[in-house]
Amino acid sequence: MRTTTGVTRVLLTTLRGHPRDLVRLAGWSVVEVIPVYVSGRAIALAVDEGFRHGRLEVGLGWLGLLAVAVLAGAIAVRRIYLLLASIVEPFRDELVRRVVAGAVHRAATGDDPPGAVGVARLTRQVEVVRDSFAGMVMVVRGFAFTVTGALLGLLSLNPAVLAFVVPPFAVGLGVFLASLSTLAARQRRLTLADEEVAGAVGALTGGLRDIVAAGGEDRTRASVGARVDAQAAATRALAWLTTVRTFALTVGGWLPVVLLVIGAPWLLRRGASPGSILGALTYILYALQPALQTLVHAVGGSGLQLAINLGRIIETGHTEPALPASARTGPAARTEPECGGPGPDRQGAARRAGHDLELREVTFAYGPHVEPVVEHLDLTVPAGDHLVIVGPSGVGKSTLALLMAGLLSPQSGLVRLGGVPVAALDGAYRVLIPQEAYVFTGTLAENLTYLRPDAPAPDLDAAVELVGSRPLVDRLGGYDAIVAPSALSAGERQLIALTRSYLSPAPIAILDEAACHLDLAAEARAERAFARRPGTLVVIAHRMSSAMRAARILVMDGVSTQLGDHSNLLASSPLYQDLVGHWGTSEPALLAGDPDGVDAVTGPRFVDDPGQVIADGANRQA
Amino acid sequence: MSQPADERRAADRLLAGVVRHGGGWVVALAVATTLTALAEVLLPAALGRAVDAALAGTETVRWASACAVLIAVCIAGEALGDLAAGMSRARATAWLRHALLDRLLAIGPRATRRFEPGDLVSRVVANADDVGNAAAAAAMAAAAALPAVGSLVALALIDPWLAAAFLAGLVLLATALRGFVREASDVTGRYQRVQGTIAARLLDALGGARTVAAAGTAGREVERVLGPLAELREHGFAMWRTQTRMTVRGELIVPLLEVVVLAVAGLLLTWDRITLGELLAAGRYAVLGSGLNAVVLFANRVVRGRAAARRGAEVFAEPPAVYGTRRYGAPDGPGRGCLELCAVTARVAGEPVLIGIDLVVPAGVAVAVVGRSGAGKSLLAALAGRLVDPDEGVVVLDGVPLHELDRAALRRAVGYAFERPVLTGDTLADAIGFGVAASSPGRPERVREAARAACADAFIRRLPQGYDTPPERAPMSGGEVQRVGLARAFAQAERLLILDDATSSLDTATELQVSRALAEELGDRTRLIIAHRAATAGRADLVAWIDGGGLRAFGPHRELWRDPAYRAVFRPADALEPAVS
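Protein sequence lines correspond, in order, to chains A and B.
The opening position of the first sequence corresponds to residue 1107 in our numbering, with each subsequent residue numbered one higher.
The opening position of the second sequence corresponds to residue 1282 in our numbering, with each subsequent residue numbered one higher.
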């Protein structure tokens, strides 16, 4: 219900935003309705004064007048359409803006972003709203003016006729309007049922192999089948109500005809002319009946589509700033304040001493009743440090990176930079590179200077050179080449993201498996470049080779952590040994069959293989 | 007999079957629409007579009641017709969807090799509705055609000149509306292209959500995505202009047609060739007759329904898998899970991939299946648990050929873990227990145990709703999804566990832990492990090396390793590729 009022409000606001267009629309609507008004009278007069008395030229004259009125009406229709366009097109722009802003802001605050299917659905919804809004304005307006015109015409022919026409017409319209809210509810139910069926069938076909392998055919069949039945039930429920609608339509449109035919002898006796009976029938059959029919079909069809789809856009759209983090069930992400692109490091928000990053007693969990990912963590990353974080996949390395970047807020404890809580700082103190490297369609230069739009050319060149993306830049055709993300490999996208981040002025760089799609040598080159970059470097390691380049290593094992360097961790942490693939003699049974351990001549040195992958790469969503 | 003709016949049979399943509603629909159409055609004539009668003052009651009856038929017929259309559509569509679901599940994974999953969705969702709607559309096409044709006949009966005037006007109508369609589709095409650009940019930006969040550039991103909006508006206005031209023509033509017919009727009236009532009827028939384009609309729906039936028939042309009735006796201790492949040949798209494979895997042994990519490892895995049937030969588990096994017995015996498992079920606990009958005792414990063995327990417990988190709402990496998939297989398999590259996304530490579980808790089951890494093969008891369609060797990894060709199987993958899916 709240959405319904939201829909009404949005529509009214839109219309109110075009007062001048609305006045003109009303003016042209009057012109449009001229042929309606003229039709009954012209036919009545053509018959009464012309054809019935053998005066052909008079009859044709009146019909000619009707034809002229039709032409005038057509001109009005043209103007009305163009006026409508100037209301609807800006409205569509506003909808697109709402949808895009909503999706981008929600995605940026940690909600699941819609995928390709979701974006396609949003696009379709906007178009449905655009078309149905235009349709509704046309139809409701047309109905009001046509009915007024026809009733005025009837009045001018013979006021007594109104008594035959108005009551049944009003009853029909009333029955329809009364059924509208139920109709809307059932239409909505059907729309949802349709989507449920599509979703369930999609899950079935997408998981068919798994369903069969697990012997889950009957269960799946039952649950998808139930949705099919629910959809059929919703169709039937709507069909019953459609019958009510049809009934209202036929009563309102046809009953006046019946009454008029029955009452015709009485009317004629009271002095009504034959032509006026014909004229009255013309008003009913060619104006009132079609107007009612169009209204009923349009409101029952595109009107409901408008309400449902606009309601959805309002629910998912964005006009005000995004919801506060506490209102969401997902990860307690913090809304990043807009900083208009990180310029040089700002001291504005809070005065801080140096760039030491400290975590004090930090505890974080993804929900109130679940186990924490990080618990009572103390960690200091002094300015200029090179820290590598390792641990099995899923242990919470990325979560820790987000905490350090201030994109997640801990439930308890503090994350501080130079003594100031990071929550109080704008985002310019650090650059975070996630696994899924972001490249957008635009020039290569735009992509590379995304975090420092004013970067001078020599700095850009230096970054490209050091990170190792020169061959890529050359292949793509220089900085002014347009890049399309889909035409790049995952590794190439990561090179662009790494170069961009290298160029950023932020004093702290956090690389979250940011080079996982690069080969060993390219990854090493990029990481070495970052290690030499002034400032602090934190690397979530994808391969153990990253750890070996680090000054310090943090091993995450569940919520317990251990800090050290390669050699002392190898001696003290069994998990670290596992990660390195250095299993020593602790698991002889498992090693017995491993020829890599026994056949040192031909096999690669599997143990201590620096290319050993320790984390499982992309696809993480939140 | 040509194949397309067969397919058409199958499609028409399906369409007929679906229409039949609309039941009595289809009959009601046909009766209602026919009656309505007849009443509509007769009504203008009756109205004309009623007006003439009123003027003459004779037979007034008779013609007024005729009008009332005809209008009552129109009202009842339309209401019943709408109801019957909705009801028959609901029934027919649901029947077809149920039948398609039955068939899809009976065909099994073969269905998604033959058709794309998304394509199947459109067959079950959109196409089934089109087929279900075809009966109603056919009735409505007939009902729309009847008044249009009937009007022309009626005009000719009143006076041939009226019919001639009407036809001349109609030709004008058709000419005026021609040529619009192409122009409209050009303009619409341009509009949709810009729309596509905006959608693509939005998708880009959403893909970079983390970067955008970290850089705080959401506002900039919105503006970038909306860059082409001005162009969109421009094309939008062009669409309006085109549509306006078309609408204005439409608005002009029907009333002008009526005026022309009325003028001719007026002329005939002055000559006393027709009555006043007939003039009224002529005007009405002119409007009814121009409704001919509705016939085209409904006829299109019938054509679409027939095309959709063809797509449905293609699914039914795929034969279902047939299961036997045999079951295993009571669990009989050790020695369970002995797998035999006897002279097994399997083809993919007509090409033999595995040829005459003979392989006996003793009970309780871990066997790694290795081979170059495309050698048929996954096909072998699919054969071993009857996800596909061999084209020749037979697969036997514990003495029973798989195709003779009852379906439930087969699935209880064999569990699969895949490289990219698809998680089904309402919660993660449900997804892991998907292969375990809901009624089987100790299911929750089995789920937890399996999750622990697959190293999935710890991360699941940290999710917002723990084990009650719906799979689609759990943010999981490829490796975590693999672990849930492993847990599902662990909970299910009683005799044979098949891992089809199911640990490829795990980090070394986790893979090691899973390997330990496979060797210890799950050591009593036969394990068939498709392996890409040498280390995985090294941990198995035996290795089956598939090469050139046959079993090149079957023995311990350590022995096979002496063969440089065997070592070469692993070389490219292990040396260069970061194992990221």
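Glycine residues also receive a C-beta, built at the ideal position from the N, C-alpha and C atoms.
Note that the structure is a prediction, hence the values are computed from the model and not measured.
Spatially closest choice to residue i from the options, by CA coordinates
i	options	result
B/R1290	B/G1593, B/V1577, B/T1492	B/G1593
B/D1553	A/D1625, A/G1146, A/C1622, A/G1156	A/G1156
B/V1332	B/L1787, B/A1429, B/T1317, B/C1348	B/C1348
A/V1205	B/A1313, B/S1659, B/E1502	B/E1502
A/A1489	A/L1188, A/V1116, A/Q1517, A/G1524	A/G1524
B/L1780	B/G1723, B/A1849, B/L1661, B/L1691	B/L1661
B/D1467	B/A1519, B/V1434, B/I1439	B/A1519
B/V1430	B/A1444, B/A1419, B/A1418	B/A1444
A/Y1535	A/A1587, A/S1666, A/D1462, A/P1478	A/D1462
B/C1619	B/Y1604, B/D1410, B/V1634, B/L1640	B/L1640
A/P1564	A/Y1585, A/V1367, A/F1546	A/Y1585
A/L1416	A/E1233, A/R1658, A/V1164	A/E1233
A/R1185	B/I1439, B/W1521, B/A1449	B/W1521
Residues of its chain near residue i, where Cβ-Cβ distance is below 7 Å and the 5 sequence neighbours each way are ignored
i	result
A/S1679	V1661, Q1668
B/P1509	V1475, T1478, I1479
A/T1341	L1296
A/A1404	G1241, M1242, V1245
B/P1671	V1625, T1626, A1627, L1664
Per DSSP, cross-strand counterpart(s) of residue i
i	result
A/I1646	A/I1495, A/D1618
B/Y1697	B/I1779
B/A1834	B/W1826
A/S1666	A/D1663
A/P1527	A/R1522
B/P1633	B/R1628
A/T1549	A/I1588
B/A1647	B/R1808
B/P1682	B/V1677
Environment of residue i [buried if 16+ CB atoms lie within 10 Å]
i	result
B/A1647	buried
A/S1285	buried
B/V1402	buried
B/E1532	buried
A/G1500	buried
B/A1630	exposed
B/G1723	exposed
A/P1559	exposed
Proximal residues to residue i (C-beta, below 6 Å), its chain only, five neighbours per side dropped
i	result
A/V1573	L1604, T1605, Y1608, A1632, A1635
A/L1117	none
A/A1464	A small fix is needed here, since residue 1464 of chain A is Glu in this sequence, not Ala. Correct list, in chain order: T1486, R1522.
B/A1710	V1728, Y1748
Chain-order list of residues whose beta-carbon lies under 8 Å from that of residue i (same chain, five-residue window excluded)
i	result
A/N1264	L1373, A1378, S1382, A1386
B/A1407	A1589
A/T1400	V1245, G1248, F1249
A/V1225	A1209
Checklist entry - Quick one, which residues of the region 1349 to 1368 of chain B are near chain A if we go by CB-CB under 7 Å, in chain order? => result A1349, I1352, C1355, I1356, E1359, A1360, D1363, L1364, G1367, M1368
Next on the checklist: At a CB distance below 9 Å, what residues from the region 1802 to 1813 of chain B approach chain A? Give them in sequence order.
Outcome noted: none
Checklist entry - the region 1266 to 1300 of chain A: which residues have C-beta closer than 7 Å to a C-beta of chain B, in chain order? => result none
Item to check | Under 9 Å (Cβ pairs) to chain A, residues found in the region 1625 to 1642 of chain B | outcome: none
Item to check | Near-chain B residues of the region 1223 to 1256 of chain A (beta-carbon distance less than 9 Å), N- to C-terminal order | outcome: G1224, V1225, A1226, L1228, T1229, V1232, E1233, R1236, A1240
Checklist entry - Any residues in the region 1379 to 1391 of chain A with a beta carbon nearer than 7 Å to a beta carbon of chain B? Which ones, in chain order? => result P1380, I1383, L1384, L1387, L1391
Item to check | Selection of the region 1668 to 1683 of chain B by Cβ proximity to chain A, strictly under 9 Å | outcome: Those residues of the region 1668 to 1683 of chain B that come within reach of chain A (Cβ to Cβ, closer than 9 Å) are L1668.
Checklist entry - What residues in the region 1747 to 1758 of chain B have a beta carbon less than 7 Å from any beta carbon of chain E? => result Going by chain labels, chain E is absent from the structure shown, which instead holds the protein chains A and B.
Checklist entry - Residues in the region 1552 to 1581 of chain A with C-beta within 8 Å of chain B's C-beta atoms, listed in sequence order? => result For chain B, the residues of the region 1552 to 1581 of chain A that bring a beta carbon within less than 8 Å of one of its beta carbons are Y1556, L1557, in chain order.
Checklist entry - Between the region 1700 to 1720 of chain B and chain A, which residues of the former have a C-beta closer than 7 Å to a C-beta of the latter? => result P1702, V1703, T1705, F1715, G1716
Checklist entry - When Cβ atoms are compared, which residues of the region 1333 to 1350 of chain A fall closer than 8 Å to chain B? => result Cβ contacts with chain B come from V1334, D1335, Q1337, A1338, A1339, T1341, R1342, L1344, A1345, W1346, T1348, T1349.
Item to check | Chain-ordered residues of the region 1316 to 1328 of chain A with a beta carbon less than 9 Å from chain B | outcome: D1316, I1317, V1318, A1319, A1320, G1321, G1322, E1323, D1324, R1325, T1326, R1327
Checklist entry - Taking Cβ-Cβ distances below 8 Å as the criterion, which residues of the region 1302 to 1315 of chain A are in contact with chain B? => result Legend: CB atoms of the region 1302 to 1315 of chain A lying less than 8 Å from CB atoms of chain B belong to residues V1303, A1304, V1307, G1308, A1309, L1310, T1311, G1312, G1313, L1314, R1315.
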